[in-house]
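Numbering follows the working numbering, in which position 62 of the sequence shown is assigned residue number 62; successive positions increment by one, without gaps.
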Amino acid sequence: MAYQLLIADDHPLFRDALMMALRQDRLAESRIELASTLDETLSHLQSSPDLDLLLLDLRMPGSEGFFGLIQIRKEFPEVPVVVISGSDEPNIIARTRAFGALGFITKSAPTDEIRRAVLTVLEGDEIWPENLPPVEEEDDLVDIARRVNDLTDQQLRVLQQLQQGRLNKQIAYDLNISEATVKAHVTAIFRKLGVLNRTQAVILMNRLALESDPSLSGGG
1 MAYQLLIADD HPLFRDALMM ALRQDRLAES RIELASTLDE TLSHLQSSPD
51 LDLLLLDLRM PGSEGFFGLI QIRKEFPEVP VVVISGSDEP NIIARTRAFG
101 ALGFITKSAP TDEIRRAVLT VLEGDEIWPE NLPPVEEEDD LVDIARRVND
151 LTDQQLRVLQ QLQQGRLNKQ IAYDLNISEA TVKAHVTAIF RKLGVLNRTQ
201 AVILMNRLAL ESDPSLSGGG
């Protein structure tokens with residue numbers, strides 16, 4: 001069967017090696033596309049709504065941590081997502097599950113194991129390590145994710161620009177909307193996130209990043 005897959009990872013060597021590894025056996029006829037940023041990933045998803053599987057790195061330009069996963073699951077809830085990451089930290093893995101991924105694969109796994117895991121998800125199952133710790137309902141990141149999920153798609157795009165330090169005028173130009181519309185979105189974002197200003201919004205969103213986790217120091 002010819003599946004449609006998307007590998008979203010900003011490390012060219014790993015991305016290309018993974019693509020070659022997947023184009024074997026039962027996946028040999030699959031169409032595999034590549035993305036290296038969150039924006040490229042979203043663009044691919046918009047043009048390929050029938051994608052069978054997205055393999056998503058947690059850390060790449062435009063997405064430092066869980067933000068990209070949360071945004072993708074909100075905008076494209078029908079697309080199955082498996083996170084592929086350099087981390088094997090149980091709490092990170094458990095949170096990717098809480099945020100809607102169907103599986104987690106470490107980049108250090110042998111290629112045949114990765115291929116089997118991908119086939120498992122394509123066949124309708126999930127793939128998770130055994131003895132994964134539960135994520136508490138009171139988990140701070142889960143609470144932040146719920147607030148982010150209340151944002152509209154356009155508000156998510158504005159929030160992403162706020163994280164990048166963009167001014168209202170720049171955001172309006174980038175998103176092709178009026179500056180007044182940007183201001184309205186920013187006001188709504190602050191209300192939904194429960195913050196008072198840009199600084200608080202950025203600090204809150206940085207909680208979804210993985211910079212503080214030493215296990216990820218080697219890359220997403």
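Ideal Cβ placement from N, Cα and C applies to all residues, glycine included.
query = Between the C-alpha atoms of V118 and S108, what's the straight-line distance to the nearest angstrom?
reply = Against the sequence shown, residue 118 aligns to sequence position 118. Against the sequence shown, residue 108 aligns to sequence position 108. So the two alpha carbons sit approximately 15 angstroms from each other.
message = Checking 8 angstroms against the spacing of the C-beta atoms, do L159 and I189 come in under that value?
response = Walking along the sequence shown from the start, residue 159 turns up at place 159. Walking along the sequence shown from the start, residue 189 turns up at place 189. The answer is yes: Cβ separation under 8 angstroms.
inquiry  = Quick check on M205: buried or exposed, where buried means 16 or more other Cβ atoms within 10 Å of its Cβ?
reply    = Within the sequence shown, numbered from 1, the residue matching residue 205 stands at position 205. By the neighbour-count rule (16 or more Cβ atoms within 10 Å), M205 is buried.
DSSP three-state assignment for I177, whether helix, strand or coil = In the sequence shown, residue 177 corresponds to position 177, counting from 1. Of the three classes helix, strand and coil, the one that applies to I177 here is coil, per DSSP.
ask   = Assuming P77 and L53 make a contact with CB atoms under 8 angstroms, what is their CB distance in whole Å?
value = Your numbering for residue 77 matches position 77 in the sequence shown. Your numbering for residue 53 matches position 53 in the sequence shown. That pair is no contact at about 14 angstroms.
query = So is S30 buried or exposed if we call it buried at 16+ other beta carbons inside 10 Å?
reply = The residue given as residue 30 occupies position 30 in the sequence shown. The residue in question, S30, is buried, as its Cβ has 16 or more Cβ neighbours within 10 Å.
inquiry  = Am I right that R95 and F67 are in contact with their C-beta atoms under 8 angstroms? What's the rounded C-beta distance?
reply    = As a first step, residue 95 is located in the sequence shown; it is residue number 95 there, counting from the start. As a first step, residue 67 is located in the sequence shown; it is residue number 67 there, counting from the start. So it is not a contact: roughly 12 angstroms between Cβ atoms.
inquiry  = By alpha-carbon positions, which one of A180, D50, Q24 ends up nearest to R116?
reply    = Reading the sequence shown from its first residue, position 116 is the one you call residue 116. With distances taken between Cα atoms, R116 lies closest to Q24.
key: Other residues of its chain near I32: CB distance less than 7 angstroms, five sequence neighbours each side excluded   = On the sequence shown, position 32 is the one that residue 32 refers to. Only L5, I7, M19, L22, R23 meet the Cβ criterion.
key: Whole-angstrom distance between L156 and D143, CA atom to CA atom   = Walking along the sequence shown from the start, residue 143 turns up at place 143. Walking along the sequence shown from the start, residue 156 turns up at place 156. Distance between the alpha carbons of D143 and L156: 16 angstroms.
request  = Express the C-alpha separation of G103 and W128 in angstroms, rounding to a whole number.
outcome  = Within the sequence shown, numbered from 1, the residue matching residue 128 stands at position 128. Within the sequence shown, numbered from 1, the residue matching residue 103 stands at position 103. Using only the alpha carbons, I get a separation of about 5 angstroms.
ask   = So which of L56, L167, T111, E75 has the shortest CA-CA distance to Q46?
value = Counting from one through the sequence shown, the residue named residue 46 turns up at place 46. Of the listed residues, the one whose Cα sits closest to Q46 is E75.
message = Going residue by residue through the segment 155-206, where are the continuous alpha helix (DSSP H) segments of at least 4 residues, counting only ones entirely within it?
response = 168-175, 179-193, 198-206
message = Helix, strand or coil for R59? Go by DSSP, reduced to three states.
response = Here residue 59 refers to the residue found at position 59 when the sequence shown is read from its first residue. Strand, per DSSP.
request  = With G68 as the anchor, note down where its alpha helix (DSSP H) starts and where it stops.
outcome  = Along the sequence shown, one-based indexing puts residue 68 at 68. That run of the alpha helix (DSSP H) goes 67-75.
inquiry  = So the candidates are Q154, V148, A2, Q71; which of them puts its Cα closest to the Cα of I177?
reply    = Start at 1 with the first residue of the sequence shown, and residue 177 comes out as number 177. Of the candidates Q154, V148, A2, Q71, the one whose C-alpha sits nearest the C-alpha of I177 is Q154.
ask   = By how many angstroms is the C-alpha of D150 removed from the C-alpha of L13?
value = Position 13 of the sequence shown holds residue 13. Position 150 of the sequence shown holds residue 150. Rounded to whole angstroms, L13 to D150 spans 37 angstroms at the Cα level.
ask   = In terms of DSSP beta bridges, what is S85 paired with?
value = For the purposes of this step, residue 85 is taken as the residue at position 85 of the sequence shown. Partner(s): T106.
query = Comparing alpha-carbon positions, which option in A180, L167, E123 lies nearest M1?
reply = Here the question's residue 1 lines up with position 1 in the sequence shown. The shortest Cα separation from M1 among A180, L167, E123 belongs to E123.
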